Amino acid sequence: MSNESLPPSSHLPKVKRNKGISPLWALPILTMLLAGWLVVKAIHDAGQRVQIYFSDAAGLVAGRTTIRYQGLEVGMVRDINLSEGLDSIYVDADIYPEATKLLSKETRFWLVKPTASLSGISGLDALVSGNYISIQPGSLESAELETKFVALDKAPADLRDTLDGLSITLKAKDLGGISVGSQIVYKKIPIGEIYHYQLDDKGQNVIIQASIKEEYRHIITDKSRFWNVSGIGAHFDFKGIDVRLESLSALFSGAIAVDSPDDGLPVDTDTQFKLYKDVQTAGRGIAIKVTLPDDNKISPAGAPIMYRGLEVGQVTDLSLSEDRESIIASAAIQPAFSDMLNTGSQFILEEAKVSLSGVENISNLVKGNFLTLVPGGGDKARNFTAIRKNDFNREQARSIPLQLVSDNSFGLEPGANILYRGIQVGVISKVSLKDETVLIDTLIDNNYASLLRSNNRFFVTGSASAELTESGLV
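Listed below in structure tokens is the structure:
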């Protein structure tokens, strides 16, 4: 066919070969580049592979259990395997590159998981986010890298040494409802918590380690006193039943309260304090020592110290002197009455007395005897000697001492009254035996000194009281 036969409107196509790369290849190339970048990033982000040995795999999940340092995720568990001896398991974990400096021979790992008991709940953050492995680095100056570790069964006792705050030690006779995580409160505000406890070397006491927050460090001084406020406390006497409950959190998780006088001095780390069982035995106030008479019947658990009917202090403890010849009461006086603690002040042993003429301090039969503070002058003092009330009256010249001699005691005892026409005019202070003779020491009230005559006669009535007849004191 010739060109003359083609229609006038027809054109021949121009065929041209394209020598470049098709744009369609851009997508697979970008995909390969992205995949390569992801591989490189995964290798880089994997960080350092380590092996951590545990006693069991409870709470460990590959790909989910994280490794944390002070709440920050620094690694991830990748695999869980049995050890060759089948006596433990180990996890392969990746420590992120920015955290590899935490790894050294001194580094420690332990599993954190929620634990509930009657004393409280620990690992509460693990209850929300799941179990995790906590890491505690050793000395940052150590440059030697370590990749195999044996995990601890629980958090180390010295964990708080790496954190801010004041670490203190409390010594108690028993744990008393306190557990790890129990709070330390000051005026009902939490200022610290318990992080470890153990028996002492002799197994006689419990050593409790606690940490005080840095912002409350100034509260703890050498005068601070700690006492247990866990659970419910009850006290019974003639006034009724007194039930004490600090708070619901203290009831379930345990708590320790602290009080600090204003004149205390700051303390160093790891200073040891005594933990008292309650606020009464803590004896908040000025510490004093009082030497007591024998057979004093003073309660070591909060016997009151009175002044004009007001309680101004408490007995906190009883102990023997170094030579074991006397009984020493440790007590605390409220700071407002510190001006009464002078060399001239005296402490009077108030004892229960029941007789036909009346009843005195009958509540002491249940609660025990107490002390009365009689202020005096002189220099400041912190050591005193308590005396019985009869002896005090004699010293104050309000009574006239008189000794009776008899061949029989007739059942008379110290405290028995001496009566005249039914009115008490004196009291028997002591009954003793010398050879075959009974000596009866008495105190006659100074107001009745005129009744004492040379022809006085004493006799014992059926009520075991001395009687004064018309002819004199009898």
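Taking the working numbering, the leading residue of the sequence shown gets 10, the next gets one more, and so forth. Every residue gets a Cβ at the ideal spot worked out from N, C-alpha and C, and that includes glycine. Since the structure is predicted, the reported quantities are computational estimates derived from the model, not experimental observations.
Name the two residues that bound the continuous beta strand (DSSP E) containing G201.
Here residue 201 refers to the residue found at position 192 of the sequence shown. Where G201 is concerned, the enclosing beta strand (DSSP E) stretches over I198 to L208.
Just to confirm, is the Cβ distance from G431 to T451 under 7 angstroms?
Looking up residue 431 in the sequence shown gives position 422. Looking up residue 451 in the sequence shown gives position 442. Not a contact, by the Cβ cut-off of 7 angstroms.
Do you know whose CA, among E360, V321, S328 and T280, lies nearest M349's CA?
As a position in the sequence shown, residue 349 is number 340, starting the count at 1. Out of E360, V321, S328 and T280, V321 has the C-alpha closest to the C-alpha of M349.
For the putative contact between A395 and F356, defined by C-beta atoms under 8 angstroms, what is the C-beta separation to the nearest angstrom?
Numbered from its first residue, the sequence shown carries residue 395 at position 386. Numbered from its first residue, the sequence shown carries residue 356 at position 347. Contact holds; Cβ gap of about 4 angstroms.
Mapping the DSSP letters down to three states, classify D231 as helix, strand or coil.
Within the sequence shown, residue 231 is the residue found at index 222, counting from 1. DSSP places D231 in coil when its eight states are reduced to three.
Could you check which residue in E155, Q281 and I76 has the C-alpha nearest to that of L120?
Position 111 of the sequence shown, counted from the first residue, corresponds to residue 120. Of the candidates E155, Q281 and I76, the one whose C-alpha sits nearest the C-alpha of L120 is I76.
Using the DSSP secondary-structure output, state which residues sit across from I187 in a beta bridge.
The sequence position of residue 187 within the sequence shown is 178, counting from 1. Bridge partners of I187: none, in fact.
Can you tell me whether DSSP reads G45 as helix, strand or coil?
Taking the first residue of the sequence shown as 1, we reach residue 45 at position 36. Three-state DSSP puts G45 in a helix.
Across which residues does DSSP place E82 in a beta bridge pair?
As a first step, residue 82 must be located in the sequence shown, where it is residue number 73. The partner list for E82 (beta bridge, DSSP) reads R77.
Give me whichever residues DSSP pairs with D454 in a beta bridge.
Translated into positions along the sequence shown, residue 454 becomes position 445. Partner(s): S408.
Rounded to whole angstroms, what's the CA-CA distance from I337 to H205? Just pull it up for me.
As a working mapping, residue 337 is identified with position 328 in the sequence shown. As a working mapping, residue 205 is identified with position 196 in the sequence shown. Whole-angstrom Cα-Cα distance: 33 angstroms.
From L36, F158 and K114, pick the residue whose C-alpha is nearest to that of V486; which is it?
The requested residue 486 is not part of the displayed model; the chain covers only 10 to 483.
What is the DSSP secondary structure of L120, reduced to helix, strand or coil?
Sequence index remark: in the sequence shown, residue 120 carries index 111 (1-based). The answer is strand: DSSP assigns L120 an E or B state.
Check whether the stretch 299-313 touches the stretch 379-389, taking contact to mean three or more Cβ pairs, one atom from each stretch, closer than 8 angstroms.
Touching, per the Cβ criterion.
At what residues does the beta strand (DSSP E) containing L329 begin and finish?
Taking the first residue of the sequence shown as position 1, residue 329 is located at position 320. L319 to L329 is the span of the beta strand (DSSP E), which, as asked, contains L329.
Starting from F1, follow the beta strand (DSSP E) in both directions and report where the run begins and ends.
Any property of residue 1 remains undetermined from this structure, which presents the chain solely from 10 to 483.
Would you mind stating whether F419 and V299 have Cβ atoms separated by less than 7 angstroms?
Position 410 of the sequence shown, counted from the start, is the residue given in the question as residue 419. Position 290 of the sequence shown, counted from the start, is the residue given in the question as residue 299. It is not a contact, given that the beta carbons lie outside the stated cut-off.
Please list, in chain order, all residues of the same chain as A340 whose beta carbon is under 7 angstroms from its beta carbon, the five residues on each side excluded.
Within the sequence shown, the letter at position 331 stands for residue 340. These residues qualify, in order along the chain: G292, I297, V299, I314, G322, Q323, V324 and T325.
Among K286, R87 and K180, which one has its Cα closest to the Cα of D210?
Looking up residue 210 in the sequence shown gives position 201. Ranking the options by Cα distance to D210, first place goes to K180.
What's the gap between the Cα of D454 and the Cα of P423?
As a first step, residue 454 must be located in the sequence shown, where it is residue number 445. As a first step, residue 423 must be located in the sequence shown, where it is residue number 414. Between D454 and P423, the C-alpha separation is close to 16 angstroms.
From which residue to which residue does the beta strand (DSSP E) around N392 run?
Against the sequence shown, residue 392 aligns to sequence position 383. Start and end: N392 to R397.
Just confirm the distance between the C-beta atoms of I2 and E202, as a whole number of angstroms; I'd bet it's less than 8 angstroms.
Because the chain is modelled from 10 through 483, residue 2 falls outside the range shown and cannot be assessed.
Among the residues of its own chain, which have a CB less than 6 angstroms from the CB of D88, if the five just before and after it don't count?
In the sequence shown, residue 88 corresponds to position 79, counting from 1. These residues qualify, in order along the chain: A71 and D101.
Less than 7 angstroms separating the beta-carbons of F467 and L413?
By 1-based counting over the sequence shown, the position of residue 467 is 458. By 1-based counting over the sequence shown, the position of residue 413 is 404. The answer is yes: Cβ separation under 7 angstroms.
Look up Y105 in the DSSP assignment and say whether it is helix, strand or coil.
For the purposes of this step, residue 105 is identified with residue 96 of the sequence shown, where counting begins at 1. Y105 falls in the coil class under three-state DSSP.
Helix, strand or coil for D96 per DSSP?
Looking up residue 96 in the sequence shown gives position 87. D96 falls in the coil class under three-state DSSP.
Where DSSP assigns a beta bridge to A341, which residues make up the other side?
Within the sequence shown, the letter at position 332 stands for residue 341. BP columns for A341 point to A296 and Q323.
Let me check one thing: in DSSP terms, what residues is I89 bridge-paired to?
Locating residue 89 in the sequence shown gives position 80, counting from the first residue. DSSP output for I89 lists V100 as bridge partner(s).
Helix or strand or just coil, what does DSSP make of E153?
Within the sequence shown, residue 153 is the residue found at index 144, counting from 1. In this structure, E153 counts as coil in the three-state DSSP scheme.
By the three-class DSSP mapping on this structure, what secondary structure does P270 have?
To locate residue 270, count along the sequence shown from 1; it is residue 261. Coil at P270, not helix or strand.
Take L161 and list the residues in its own chain whose beta-carbon comes closer than 8 angstroms to its own, dropping the five residues that flank it on each side.
Here residue 161 corresponds to residue number 152 of the sequence shown, with the count starting at 1. So the qualifying residues of the chain are R117, F118 and W119.
Can you give me the C-alpha to C-alpha distance between V83 and G212, rounded to a whole angstrom?
Looking up residue 83 in the sequence shown gives position 74. Looking up residue 212 in the sequence shown gives position 203. Rounded to whole angstroms, V83 to G212 spans 40 angstroms at the Cα level.
Evaluate I445 with the Cβ neighbour count: other Cβ atoms within 10 Å of its Cβ, from every protein chain shown; 16 or more gives buried, anything less gives exposed.
In the sequence shown, counting from the first residue as 1, residue 445 sits at position 436. This sequence places Glu at residue 445; Ile is not what is there. E445 comes out exposed.
Using a threshold of 7 angstroms, state whether the C-beta atoms of S335 and G385 are closer than that.
As a first step, residue 335 is located in the sequence shown; it is residue number 326 there, counting from the start. As a first step, residue 385 is located in the sequence shown; it is residue number 376 there, counting from the start. Going by C-beta atoms, S335 is not nearer than 7 angstroms to G385.
I'd like the span of the beta strand (DSSP E) that includes I307, first residue to last.
To locate residue 307, count along the sequence shown from 1; it is residue 298. I307 -> no beta strand (DSSP E), and no H or E assigned at all.
Can you name the start and end residues of the beta strand (DSSP E) that V194 belongs to?
Residue numbering aside, residue 194 sits at position 185 when the sequence shown is read from its first letter. Unbroken beta strand (DSSP E) run through V194: Q192 to Y195.
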